[in-house]
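Presented below is the structure to which this report refers.
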Amino acid sequence: MRDSLGRPQTVLLLGGTSDIGLAMARAWAKQVDGLRVTLAARPSPRRTSAAADLERHGCRVRELDFDALEQQDHERVVRAAAEGEDVDVAVVAFGVLGEPERAWQDPHHAAELAATNYTAAVLAGVALGRLVRDQGHGMVVALSSVAGERPRRSNFVYGSSKAGFDAYYTGLGEALRPFGGRVLVVRPGFVRSSMTEGLAEAPLAVDPDTVAAATLRAVASGREQLWVPRQLRPVMSVLRHLPRPVFRRLPL
Amino acid sequence: MLDLTGLAQVHRLDLEAGVVEVDAGISLDRLLRVVLPLGLTLPVQPGTRQVTVGGAVACDVHGKNHHTAGSFGRYVRSLVLLTGAGDAIRLKPRGPDPELFWGTVGGMGLTGVVLRVELELRRVETSRIVVRAERQPDLHGVMDALREHDRTAEYSVAWFDSLAQGAATGRGVVMTGRDAVRDDLTAAQREDPLHVPASRRVQVPHTPLCAVNGVSGRAFNEAYFRRAPRRPSTRVEHAFGFFQPLDGLQSWNRLYGPRGLVQYQLVIPDAASEVVVEVVREVAASGHVSCLNVLKRFGPGTPGLLSFPAPGWTLALDLPVRAGLDAVLDRLDARVAEAGGRLYLAKDSRLPRRHLPTMYPRLGEFAELRHRADPGGLFVSDLARRLGLHRPTEGNLHDA
Ligand SMILES: Cc1cc2nc3c(=O)[nH]c(=O)nc-3n(C[C@H](O)[C@H](O)[C@H](O)COP(=O)(O)OP(=O)(O)OC[C@H]3O[C@@H](n4cnc5c(N)ncnc54)[C@H](O)[C@@H]3O)c2cc1C
Numbered sequence: 011m012r013d014s015l016g017r018p019q020t021v022l023l024l025g026g027t028s029d030i031g032l033a034m035a036r037a038w039a040k041q042v043d044g045l046r047v048t049l050a051a052r053p054s055p056r057r058t059s060a061a062a063d064l065e066r067h068g069c070r071v072r073e074l075d076f077d078a079l080e081q082q083d084h085e086r087v088v089r090a091a092a093e094g095e096d097v098d099v100a101v102v103a104f105g106v107l108g109e110p111e112r113a114w115q116d117p118h119h120a121a122e123l124a125a126t127n128y129t130a131a132v133l134a135g136v137a138l139g140r141l142v143r144d145q146g147h148g149m150v151v152a153l154s155s156v157a158g159e160r161p162r163r164s165n166f167v168y169g170s171s172k173a174g175f176d177a178y179y180t181g182l183g184e185a186l187r188p189f190g191g192r193v194l195v196v197r198p199g200f201v202r203s204s205m206t207e208g209l210a211e212a213p214l215a216v217d218p219d220t221v222a223a224a225t226l227r228a229v230a231s232g233r234e235q236l237w238v239p240r241q242l243r244p245v246m247s248v249l250r251h252l253p254r255p256v257f258r259r260l261p262l
Numbered sequence: 552m553l554d555l556t557g558l559a560q561v562h563r564l565d566l567e568a569g570v571v572e573v574d575a576g577i578s579l580d581r582l583l584r585v586v587l588p589l590g591l592t593l594p595v596q597p598g599t600r601q602v603t604v605g606g607a608v609a610c611d612v613h614g615k616n617h618h619t620a621g622s623f624g625r626y627v628r629s630l631v632l633l634t635g636a637g638d639a640i641r642l643k644p645r646g647p648d649p650e651l652f653w654g655t656v657g658g659m660g661l662t663g664v665v666l667r668v669e670l671e672l673r674r675v676e677t678s679r680i681v682v683r684a685e686r687q688p689d690l691h692g693v694m695d696a697l698r699e700h701d702r703t704a705e706y707s708v709a710w711f712d713s714l715a716q717g718a719a720t721g722r723g724v725v726m727t728g729r730d731a732v733r734d735d736l737t738a739a740q741r742e743d744p745l746h747v748p749a750s751r752r753v754q755v756p757h758t759p760l761c762a763v764n765g766v767s768g769r770a771f772n773e774a775y776f777r778r779a780p781r782r783p784s785t786r787v788e789h790a791f792g793f794f795q796p797l798d799g800l801q802s803w804n805r806l807y808g809p810r811g812l813v814q815y816q817l818v819i820p821d822a823a824s825e826v827v828v829e830v831v832r833e834v835a836a837s838g839h840v841s842c843l844n845v846l847k848r849f850g851p852g853t854p855g856l857l858s859f860p861a862p863g864w865t866l867a868l869d870l871p872v873r874a875g876l877d878a879v880l881d882r883l884d885a886r887v888a889e890a891g892g893r894l895y896l897a898k899d900s901r902l903p904r905r906h907l908p909t910m911y912p913r914l915g916e917f918a919e920l921r922h923r924a925d926p927g928g929l930f931v932s933d934l935a936r937r938l939g940l941h942r943p944t945e946g947n948l949h950d951a
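Structure representation (structure tokens):
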């Protein structure tokens, strides 16, 4: 159960090796002694070292094998995470950036992107929605992206999957409100992480720790959407309304 | 959620013996409005009458006379408990089943639902209190005065300035009182010595922002201190105004805006009195602003397994939620636990779980009792889930 200052006792990371998700867990660990973190991800050395790192930060860590593309994994993992203690915050942090040019031409790659970023995210949402209703409380943090707000030529397959993701979790937030649940949709811009390694940095780029700090504040104050950095909200608002011939010519 | 306010009847009132049997959902306000005109009152009255008798039992509440009268549970002759098995059983402090009785008194509703309560009342000649107020220039003055009044005053409580620093740290106003007798009243008041005012409550509207901030808080603390007379002074006040000064304002919590407030109340044994001083200093230096700051003496507690009061000092603060509050209160928790003190569960919304076994050493006994009364784990609350109270053994294992 989260306390009146918004601090969770247990956190579930779906996509347990996400840089942003792990930054959040570390930030919460600083506020909460003995925080329980469940890392749900495919088994990998990266997951093992993330678990060890969180233990050094005083967390009680559990690793669960989770493949977002396996339909039955979502329900199973969410149930396992809630065993013994409620899940106070679940972070939906899995996703792939893909290769933009391949993604709109190669059917396998296109399907993989859509399946991971949208279909699997919806399945996670179904499982989390059931959990929140059973518990009568719970917060879902959904890592969306400003890329979903207006599709750009340069990565529109990813953008379209995040547009669907964003719409889904925004709606799930409304659906869970009467059951005591909350969904926070986080829309970061360019985040310097292993996902974006080697890419040219976009303006207003931020680090995972910045996204984590802003998310923790938003969770504590019960907000439902968040842009990181903050300036992206007005920027995206303008971009969304630009006529297409103008938008097309922007160096984005 | 179970709402018992629909069960609010007075079943039996024995004027001779001063004993009343009521449904647990009756509010203290309603009950007092029935018995006070008959010259009877509740021996323990918390800072609001807008609570039920069941809630007062479940939290074993205390009032301004704890140092002389103890807490609510002491006046419960018997109660009817609906257990997880579906049985309604009558419990008494000395049996049948005294363990379950004292697990239920202060048990935060986790042993079952209290359906009925048989309560001892106290006789009064008037519905008024003779109140004496004195200003004290610093915390030591406040504490010395309160200690002094342990023996002499029926009621005692102090408000302290939570913002003053340096030599004025913890300056405050010490209020003591006793039940007024007919002779204390004016001729007009003597016409109706047991007068009970009609309920009139002012509604606070929703506020988009927190009205309690550095500026208003500082002004309030300063004004409250200045308003009190420099020399000790005495006046006659209605019991409602003396015991429940906030009850005139409905939804006063809205003043704290959408993020709300954290109530923080601790008790510290006499042997660790210096921790009270540390807490007041730390809060004053923290930049967090509290206006309702209460310091009071507690006398001996009841045998309630999770009952809060214990001999020593109790200190209460109402703090608006702001960034950084968590770290300040976490530090205070650790000091309180170290000093052998505890926090009041009725007001808690953020205590880290690990302090619980230190603060409430009889948690294990409580777990066994709960297991017996509610083996299916039917009765659960958000407080219980956050603190692991409904399955304390598990909660403690996780921390090991
Ligand atoms: C302005 C203000 C001033 C206060 N001043 C004081 C004070 O001076 N001293 C003090 O001790 N407390 C004080 N309190 C705290 C208050 O007295 C307790 O929280 C009280 O228990 C609230 O009772 P309620 O009927 O509203 O119960 P709720 O808030 O509904 O419930 C409180 C707890 O009691 C349990 N409970 C309620 N009814 C039953 C029942 N029938 N059977 C079993 N369990 C039940 C619930 O499960 C829950 O754990 C104050 C609170 C406020 C808001």
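From first to last, the protein sequence lines stand for chains Z and Y.
Start counting at 1 in the first sequence, then tack on 10, and there's your number in our numbering.
Start counting at 1 in the second sequence, then tack on 551, and there's your number in our numbering.
Even glycine gets a Cβ: it sits at the ideal position worked out from N, Cα and C.
Within the continuous beta strand (DSSP E) that includes residue 55 (chain Z), where are the two ends?
Position 45 of the first sequence, counted from the first residue, corresponds to residue 55 (chain Z). That residue, residue 55 (chain Z), is in no beta strand (DSSP E); its alpha helix (DSSP H) goes 55-66.
Partners in chain Z for residue 837 (chain Y), counting only beta-carbon separations shorter than 7 Å:
Within the second sequence, the letter at position 286 stands for residue 837 (chain Y). Identification of chain Z residues near residue 837 (chain Y) by a Cβ-Cβ cut-off of 7 Å yields none; the smallest Cβ-Cβ distance measures about 14 Å.
Is the closest heavy atom of ligand 1 to the C-beta of residue 842 (chain Y) under 7 Å?
Position 291 of the second sequence, counted from the start, is the residue given in the question as residue 842 (chain Y). No, the beta carbon of residue 842 (chain Y) sits no closer than 7 Å to any heavy atom of ligand 1.
Within its chain, find whatever has a CB closer than 7 Å to the CB of residue 141 (chain Z); leave out the 5 residues flanking it on each side and keep chain order.
Numbered from 1 along the first sequence, position 131 holds the residue referred to as residue 141 (chain Z). Here residue 141 (chain Z) has 88, 92, 97, 148 as same chain residues with Cβ atoms under 7 Å from its own Cβ, once five neighbours each way along the sequence are excluded.
Residue range of the alpha helix (DSSP H) that residue 712 (chain Y) falls in?
On the second sequence, residue 712 (chain Y) is found 161 positions in, with the first residue counted as 1. Counting along the chain, no alpha helix (DSSP H) covers residue 712 (chain Y), and no H or E run does either.
Ligand 1 heavy atoms versus the CB of residue 968 (chain Y): any closer than 7 Å?
No statement about residue 968 (chain Y) is possible, as the shown extent of chain Y runs from 552 to 951 and does not include it.
Beta carbon of residue 932 (chain Y): closer than 7 Å to some heavy atom of ligand 1?
Your numbering for residue 932 (chain Y) matches position 381 in the second sequence. Yes; taking the cut-off as 7 Å, the Cβ of residue 932 (chain Y) has a heavy atom of ligand 1 nearer than that.
Please list, in chain order, all residues of the same chain as residue 877 (chain Y) whose beta carbon is under 8 Å from its beta carbon, the five residues on each side excluded.
Within the second sequence, the letter at position 326 stands for residue 877 (chain Y). So the list reads 901, once near-sequence residues are dropped.
Enclosing beta strand (DSSP E) for residue 880 (chain Y) [first to last residue]
Residue 880 (chain Y) sits at position 329 when you count from the first residue of the second sequence. For residue 880 (chain Y), no beta strand (DSSP E) segment is defined; the enclosing uninterrupted segment is the alpha helix (DSSP H) at 876-889.
Closest by CA to residue 69 (chain Z), which one among Z:80, Z:194, Z:42?
The count along the first sequence starts at 1 and reaches residue 69 (chain Z) at position 59. In terms of CA proximity to residue 69 (chain Z), Z:42 leads the group Z:80, Z:194, Z:42.
Counting C-beta neighbours from all protein chains within 10 Å, is the total for residue 198 (chain Z) 16 or more, i.e. buried, or is it exposed?
The residue given as residue 198 (chain Z) occupies position 188 in the first sequence. Looking at its Cβ environment, which holds 16 or more other Cβ atoms inside 10 Å, residue 198 (chain Z) is buried.
Between the segment 41-60 of chain Z and chain Y, which residues of the former have CB atoms less than 8 Å from a CB of the latter, in chain order?
Those residues of the segment 41-60 of chain Z that come within reach of chain Y (Cβ to Cβ, closer than 8 Å) are 41, 42, 43, 44, 46.
CB of residue 161 (chain Z) to nearest heavy atom of ligand 1: below 7 Å?
One-based indexing of the first sequence puts residue 161 (chain Z) at position 151. Outside the cutoff, so no.
Work out the CA separation of residue 619 (chain Y) and residue 854 (chain Y) for me, nearest whole Å.
In the second sequence, the residue the question calls residue 854 (chain Y) occupies position 303. In the second sequence, the residue the question calls residue 619 (chain Y) occupies position 68. C-alpha separation (whole angstroms): 16 Å.
Three-state secondary structure (DSSP) at residue 167 (chain Z)?
Taking the first sequence and counting its residues from 1, the one referred to as residue 167 (chain Z) is at position 157. In the structure shown, residue 167 (chain Z) adopts helical secondary structure according to DSSP, grouped into three states.
6 Å Cβ shell around residue 145 (chain Z) - same chain, five flanking residues per side excluded
Sequence index remark: in the first sequence, residue 145 (chain Z) carries index 135 (1-based). The residues are 96.
Is the beta carbon of residue 592 (chain Y) less than 8 Å from the beta carbon of residue 924 (chain Y)?
For this step, residue 592 (chain Y) is matched to residue 41 along the second sequence. For this step, residue 924 (chain Y) is matched to residue 373 along the second sequence. Cβ atoms of residue 592 (chain Y) and residue 924 (chain Y): not closer than 8 Å.
Using only the heavy atoms of ligand 1, determine whether one of them is closer than 7 Å to the beta carbon of residue 575 (chain Y).
Here residue 575 (chain Y) is taken as the residue at index 24 of the second sequence, counted from 1. Indeed, a heavy atom of ligand 1 lies less than 7 Å from the Cβ.
Which same chain residues, not among the five before or five after residue 756 (chain Y), have their C-beta less than 6 Å away from its C-beta?
Locating residue 756 (chain Y) in the second sequence gives position 205, counting from the first residue. Nothing meets the Cβ criterion.
Looking at chain Z, is there any beta carbon in it that lies within less than 8 Å of the beta carbon of residue 686 (chain Y)?
Sequence index remark: in the second sequence, residue 686 (chain Y) carries index 135 (1-based). Taking a beta-carbon distance threshold of 8 Å, residue 686 (chain Y) does not count as an interface residue toward chain Z.
Cutting at 6 Å between CB atoms, please list the residues of its own chain near residue 235 (chain Z), excluding the five before and the five after it.
On the first sequence, residue 235 (chain Z) is found 225 positions in, with the first residue counted as 1. 195.
Can we count residue 643 (chain Y) as close to ligand 1, meaning its CB is less than 7 Å from some heavy atom?
Numbered from its first residue, the second sequence carries residue 643 (chain Y) at position 92. Taking non-hydrogen atoms of ligand 1 into account, the C-beta of residue 643 (chain Y) is found less than 7 Å away from none of them.
Applying the criterion that 16 or more other CB atoms from any shown protein chain within 10 Å of the CB defines a buried residue, is residue 836 (chain Y) buried or exposed?
As a first step, residue 836 (chain Y) is located in the second sequence; it is residue number 285 there, counting from the start. So residue 836 (chain Y) ends up on the exposed side.
Report buried or exposed for residue 821 (chain Y), applying the criterion of at least 16 other Cβ atoms within 10 angstroms of its Cβ.
Here residue 821 (chain Y) refers to the residue found at position 270 when the second sequence is read from its first residue. Residue 821 (chain Y) comes out exposed.
Classify residue 615 (chain Y) as helix, strand or coil using the three-state DSSP reduction.
By 1-based counting over the second sequence, the position of residue 615 (chain Y) is 64. Residue state for residue 615 (chain Y) is assigned as coil, using DSSP reduced to three classes.
Within the continuous alpha helix (DSSP H) that includes residue 700 (chain Y), where are the two ends?
Residue mapping note: residue 700 (chain Y) aligns to position 149 of the second sequence, counting from 1. Residue 700 (chain Y) -> alpha helix (DSSP H) spans 690-703.
Go ahead and pull the three-state DSSP assignment for residue 946 (chain Y).
What you label residue 946 (chain Y) is simply residue 395 of the second sequence in a count that begins at 1. Legend: pLDDT at residue 946 (chain Y) = 45, less than 50; position of this residue unreliable, value from coordinates given subsequently. Secondary structure of residue 946 (chain Y) (DSSP, three-state): helix.
Which residues share a DSSP beta bridge with residue 149 (chain Z)?
Numbered from its first residue, the first sequence carries residue 149 (chain Z) at position 139. Per the DSSP secondary-structure output, residue 149 (chain Z) pairs in a beta bridge with Z:99, Z:192.
When you compare the CB of residue 89 (chain Z) with every CB in chain Y, is at least one pair closer than 8 Å?
The residue labelled residue 89 (chain Z) in the question sits at position 79 within the first sequence. No, its Cβ sits nowhere closer than 8 Å to a Cβ of chain Y.
Per-residue contacts from residue 900 (chain Y) into chain Z (C-beta, under 7 Å):
Taking the second sequence and counting its residues from 1, one reaches residue 900 (chain Y) at position 349. The CB of residue 900 (chain Y) comes closer than 7 Å to the CB of 13, 14 in chain Z, given here in chain order.
Extract the residue ranges of the alpha helix (DSSP H) inside the segment 804-886 of chain Y, only unbroken runs of 4 or more that lie entirely within it.
For the segment 804-886 of chain Y, whole alpha helix (DSSP H) runs of length 4 or above, ordered along the chain, are 824-837.
Can you find a C-beta in chain Y that's less than 8 Å from the C-beta of residue 231 (chain Z)?
Position 221 of the first sequence holds residue 231 (chain Z). It does; some Cβ of chain Y falls within 8 Å.
Would you kindly work out how many angstroms separate the C-alpha atoms of residue 670 (chain Y) and residue 579 (chain Y), rounded to a whole number?
By 1-based counting over the second sequence, the position of residue 670 (chain Y) is 119. By 1-based counting over the second sequence, the position of residue 579 (chain Y) is 28. For residue 670 (chain Y) and residue 579 (chain Y), the distance between alpha carbons rounds to 12 Å.
Does the CB of residue 96 (chain Z) have a neighbour CB from chain Y at under 8 Å?
Residue mapping note: residue 96 (chain Z) aligns to position 86 of the first sequence, counting from 1. Residue 96 (chain Z) counts as touching chain Y.
Within the present structure, is the beta-carbon of residue 871 (chain Y) separated from the nearest heavy atom of ligand 1 by less than 7 Å?
In the second sequence, the residue the question calls residue 871 (chain Y) occupies position 320. Placement of the Cβ of residue 871 (chain Y) at a distance of 7 Å or more from every heavy atom of ligand 1 is found.
Could you tell me whether any Cβ in chain Z is nearer than 8 Å to the Cβ of residue 947 (chain Y)?
Numbered from 1 along the second sequence, position 396 holds the residue referred to as residue 947 (chain Y). Reliability fails at residue 947 (chain Y), whose pLDDT of 43 lies under 50, so the model's placement of it is uncertain and no value is given.
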